[in-house]
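Visitor:
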Amino acid sequence: MKTSSPRIAAVIGCGRFVEGKEGWAIGHAHADAYRQADSSLRLVAVDINPENLRAFGERFGVAPADLFASTEAMYAALTPHYVSVCTWPRLHAPQVIEAAARGVLGIVCEKPMALEGAEIDAMLAACAKSGARLAIAHQRCYNAPYILAKRLLDQGAIGERPVLEARVGDGWDILSWSVHWFDLTHWLFDAAPLSVLAGVDHNGSRRYQHAVENASVIFAEYPGDRQALFITGPHNHHGEVGDIFIRGTRGFMRIRGDVEIWNEAGYARHPARSEGPTDFHALVLDLFDAVETGAAMRCDAVRTANSTRTAYAAHESARLRRVIHAPFQTGFAPLEVLQNPPRPALPAGRVVLFADEHFGSGGREGIAEAINELTGAAPVVIDAAKGLASADLADAGALLLYHTQPEPSDATRAALTTWVESGKPTVFIHCACGGYPNWDAYKKWAGRVWVWGPGGSEHPYEPCTLTPLGAGVGDLASAWLPLDEVFIKLASTSETEDLAEVQISSGRHPAAWRSMRWPNITAWIPGHRREMWTLPALREGLLAQIRLAAA
106 MKTSSPRIAA
116 VIGCGRFVEG
126 KEGWAIGHAH
136 ADAYRQADSS
146 LRLVAVDINP
156 ENLRAFGERF
166 GVAPADLFAS
176 TEAMYAALTP
186 HYVSVCTWPR
196 LHAPQVIEAA
206 ARGVLGIVCE
216 KPMALEGAEI
226 DAMLAACAKS
236 GARLAIAHQR
246 CYNAPYILAK
256 RLLDQGAIGE
266 RPVLEARVGD
276 GWDILSWSVH
286 WFDLTHWLFD
296 AAPLSVLAGV
306 DHNGSRRYQH
316 AVENASVIFA
326 EYPGDRQALF
336 ITGPHNHHGE
346 VGDIFIRGTR
356 GFMRIRGDVE
366 IWNEAGYARH
376 PARSEGPTDF
386 HALVLDLFDA
396 VETGAAMRCD
406 AVRTANSTRT
416 AYAAHESARL
426 RRVIHAPFQT
436 GFAPLEVLQN
446 PPRPALPAGR
456 VVLFADEHFG
466 SGGREGIAEA
476 INELTGAAPV
486 VIDAAKGLAS
496 ADLADAGALL
506 LYHTQPEPSD
516 ATRAALTTWV
526 ESGKPTVFIH
536 CACGGYPNWD
546 AYKKWAGRVW
556 VWGPGGSEHP
566 YEPCTLTPLG
576 AGVGDLASAW
586 LPLDEVFIKL
596 ASTSETEDLA
606 EVQISSGRHP
616 AAWRSMRWPN
626 ITAWIPGHRR
636 EMWTLPALRE
646 GLLAQIRLAA
656 A
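Quick note on the numbering used here: the sequence shown kicks off at 106 and runs consecutively.
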């Protein structure tokens, strides 16, 4: 499609330019590319930040009339032939779709292409409908080292069945950087992945207003017995940013500026010399050619969309803990699902955890982490070794006990008595049934207690099977629990309703119960070690006991 002269190109999202920090203002890199590709091109810009817009205009000599505070204002004034979308990822889909609807002929969208798979579909559909050519900014495939590496791979320089390894360190994440490696591997192998298997470390981190992981390991299978390993997060001890390693059946390749090969012929360094424009400059020229002659485009979104789809397949693999097979059709952002889990209904008010360190088992910390992750609010942890005051229970909705303290202080005795006798929700967890052995009221509240001394209670350390005996332990039908303390030979101190039991080599033993005299008291006995509280069965059972105590 022939464009009128001069070409008009708009950069949407100028960013804050910092010398030497191209990624801080990627819009400047796009503007440089447009000017390199066509010195007569008319450049216009959009940014909601007046200072960024002014700085962009000064740097590129853009007339004030061609600087806009919104896309609406720009499209009201003119329709560019070309648009670069350089805003934060949440704006990519709406701004690409808007450009296509407005009659823009060629669009470059920064990576990641979109924040959901469904947005990718909508972007491709909008451009197909309008006839706009859409490219995603995975410009590395225009650079000399990778072009040379592809030629050497295709010539069989390292044999067959290549295994590629690419890393990203320095705190980057998959969507911000690893998508480049996904796309480059797709281009080098001439194929998208057949499957993805991934593990990620995620703790609620966000970047550019979307969910990101802190580190990841991703294994991908490709057609033709080819594989790739992508690692994001840890420092790369044997390479620099941009290094890629590829092993084949007859040799080894390292892409680092030049391309180095070790094979049966020995070592050889192949200089990578650019034979023309590279990087964004080459991408813009490719887009011009695609729009104006109908030529194929190396970074066409129909192909490069697979890099972002691969990112979401990796996140989905980590979320579901299984291999994800092509075609990758995840329509949402899996990390957003992990960062926004359903929150169980609990009694109004704070959850107070009255606990000691229980011989360094970590159970206290495990319980606190479980409550925080399940409810979105950390419990108030009171050190049982220091005692409890009535003020500690102000505005509390539930009290969890986990300790083996020998004697209560007068303040602790008064606070607990007032709380329990008032019918407030109370859950005895694991070692709490061994606390205050000389306080008769406390032992009766517990229903079953640890008998200290020779011939008393025991705690075999072995796996067990947890079986509900009726309502009161959530939706569990049964659960296998790994190696942990199992309390046996507890003494009965008041009438209880058994809710669950565990089976070990010595037989069946109570695991959860409710007081018949004080229905606001329940007991949940598994959970000695910290890691046990990462188990869904323990978390579900504890939440069920809190709800039951509050019923």
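Don't be surprised by glycine CBs; every beta carbon is placed ideally from N, CA and C.
1. Check residue 286 in the structure and name its three-state DSSP category.
2. Taking the C-alpha atoms as reference points, what is the distance between residue 167 and residue 264?
3. Decide if the segment 353 to 369 is in contact with the segment 228 to 242; the criterion is three or more beta carbon pairs, one per stretch, under 8 Å apart.
4. Taking residue 457 as the reference, give the member of 497, 629 and 547 with the closest Cα.
5. For residue 441 and residue 319, I'd like the C-alpha separation in whole angstroms.
6. CB residue 542 to CB residue 502, shorter than 8 Å?
7. Suppose you measure from the CA of residue 430 to the CA of residue 301; what does that come to, to the nearest Å?
8. Excluding the five sequence neighbours on either side, which residues of its own chain have a C-beta within less than 6 Å of the C-beta of residue 280, listed in chain order?
9. Report all residues from its chain with a CB closer than 7 Å to the CB of residue 266; omit the five preceding and five following residues, and keep chain order.
10. Three or more C-beta pairs closer than 8 Å, one from the segment 127 to 145 and one from the segment 196 to 204: is that the case here?
11. Tell me the residue span of the alpha helix (DSSP H) that contains residue 480.
12. Residue 601: which of 223, 135 and 621 sits nearest, CA to CA?
13. Please tell me whether residue 188 and residue 197 are closer than 8 Å, where the distance is taken between their beta carbons.
14. What are the uninterrupted segments assigned as beta strand (DSSP E) that are 3 or more residues long and contained completely in the segment 616 to 641, given in chain order?
15. Do the segment 570 to 580 and the segment 605 to 621 meet, that is, are 3 or more Cβ pairs less than 8 Å apart?
16. Applying the 10 Å Cβ sphere with the 16-neighbour rule, what's the burial state of residue 576?
17. So, helix, strand or coil for residue 372, using DSSP?
18. Since I believe residue 322 is in contact with residue 304 (beta carbons under 8 Å), could you give me their beta-carbon distance rounded to a whole number of angstroms?
19. Below 8 Å, can you find three or more Cβ-Cβ pairs linking the segment 461 to 480 to the segment 517 to 532?
20. Answer yes if the segment 249 to 258 comes into contact with the segment 387 to 404, meaning at least three C-beta pairs across the two stretches below 8 Å, and no otherwise.
21. Determine the direct distance from the alpha carbon of residue 589 to that of residue 328, and round the result to whole angstroms.
22. State the DSSP-derived secondary structure class of residue 221, mapped to helix, strand or coil.
23. Taking C-beta to C-beta, are residue 581 and residue 646 nearer than 8 Å?
24. For the alpha helix (DSSP H) containing residue 442, name the first residue and the last one.
25. Give me, in chain order, the residues of the same chain whose beta-carbon lies closer than 6 Å to that of residue 539; leave out the 5 immediate sequence neighbours on both sides.
26. With a 10 Å radius around its C-beta and 16 neighbouring C-beta atoms as the bar for buried, classify residue 369 as buried or exposed.
27. Rounded to whole angstroms, what is the Cα-Cα separation between residue 170 and residue 411?
28. Under the three-state reduction of DSSP, which class applies to residue 244: helix, strand or coil?
29. Tell whether a beta-carbon distance below 8 Å holds between residue 285 and residue 220.
Guide: So, to answer that:
1. Against the sequence shown, residue 286 aligns to sequence position 181. Helix at residue 286.
2. Taking the first residue of the sequence shown as position 1, residue 167 is located at position 62. Taking the first residue of the sequence shown as position 1, residue 264 is located at position 159. Residue 167 and residue 264: Cα-Cα distance of roughly 52 Å.
3. At 8 Å Cβ cutoff, the stretches do not touch.
4. Locating residue 457 in the sequence shown gives position 352, counting from the first residue. The option with the nearest alpha carbon to residue 457 is 497.
5. Indexing the sequence shown from 1 puts residue 441 at position 336. Indexing the sequence shown from 1 puts residue 319 at position 214. If I take the Cα positions, the gap works out to 14 Å.
6. Taking the first residue of the sequence shown as 1, we reach residue 542 at position 437. Taking the first residue of the sequence shown as 1, we reach residue 502 at position 397. No.
7. If you number the sequence shown from 1, residue 430 lands on position 325. If you number the sequence shown from 1, residue 301 lands on position 196. Pairing residue 430 with residue 301, the inter-Cα distance amounts to about 7 Å.
8. Counting from one through the sequence shown, the residue named residue 280 turns up at place 175. By the criterion of a C-beta distance shorter than 6 Å, residue 280 is surrounded in its chain by 217 and 416, once the five residues flanking it on both sides are discounted.
9. In the sequence shown, counting from the first residue as 1, residue 266 sits at position 161. 330, 331, 353 and 354, listed in sequence order.
10. Contact between the segment 127 to 145 and the segment 196 to 204 is absent, because fewer than three Cβ pairs lie under 8 Å.
11. Sequence index remark: in the sequence shown, residue 480 carries index 375 (1-based). Its alpha helix (DSSP H) spans residues 468 to 480.
12. For the purposes of this step, residue 601 is identified with residue 496 of the sequence shown, where counting begins at 1. Checking every option, the nearest Cα to that of residue 601 belongs to 621.
13. The count along the sequence shown starts at 1 and reaches residue 188 at position 83. The count along the sequence shown starts at 1 and reaches residue 197 at position 92. No; because the gap between Cβ atoms is not below 8 Å, this pair is not in contact.
14. Runs found: 626 to 629.
15. The segment 570 to 580 is in contact with the segment 605 to 621.
16. Numbered from 1 along the sequence shown, position 471 holds the residue referred to as residue 576. By the 10 Å Cβ count, residue 576 comes out exposed.
17. To locate residue 372, count along the sequence shown from 1; it is residue 267. Strand, per DSSP.
18. In the sequence shown, the residue the question calls residue 304 occupies position 199. In the sequence shown, the residue the question calls residue 322 occupies position 217. The C-beta distance from residue 304 to residue 322 rounds to 5 Å, short enough to meet the 8 Å contact threshold.
19. Output reads no: the segment 517 to 532 does not touch the segment 461 to 480.
20. Touching, no, given that fewer than three Cβ pairs across the two stretches are closer than 8 Å.
21. Within the sequence shown, numbered from 1, the residue matching residue 328 stands at position 223. Within the sequence shown, numbered from 1, the residue matching residue 589 stands at position 484. Going from the Cα of residue 328 to the Cα of residue 589 covers about 45 Å.
22. Mapped onto the sequence shown, residue 221 falls at position 116. Three-state result, residue 221: coil.
23. The residue labelled residue 581 in the question sits at position 476 within the sequence shown. The residue labelled residue 646 in the question sits at position 541 within the sequence shown. Yes; because the gap between Cβ atoms is below 8 Å, this pair is in contact.
24. To locate residue 442, count along the sequence shown from 1; it is residue 337. Per DSSP, residue 442 belongs to the alpha helix (DSSP H) from 439 to 444.
25. Within the sequence shown, the letter at position 434 stands for residue 539. Correct list, in chain order: 509 and 555.
26. Locating residue 369 in the sequence shown gives position 264, where the first residue counts as 1. Exposed.
27. In the sequence shown, counting from the first residue as 1, residue 170 sits at position 65. In the sequence shown, counting from the first residue as 1, residue 411 sits at position 306. Just so you know, the alpha carbons of residue 170 and residue 411 end up roughly 38 Å apart.
28. Numbered from its first residue, the sequence shown carries residue 244 at position 139. Note: residue 244 maps to helix in three-state DSSP.
29. Residue 285 sits at position 180 when you count from the first residue of the sequence shown. Residue 220 sits at position 115 when you count from the first residue of the sequence shown. Not closer than 8 Å, so no.
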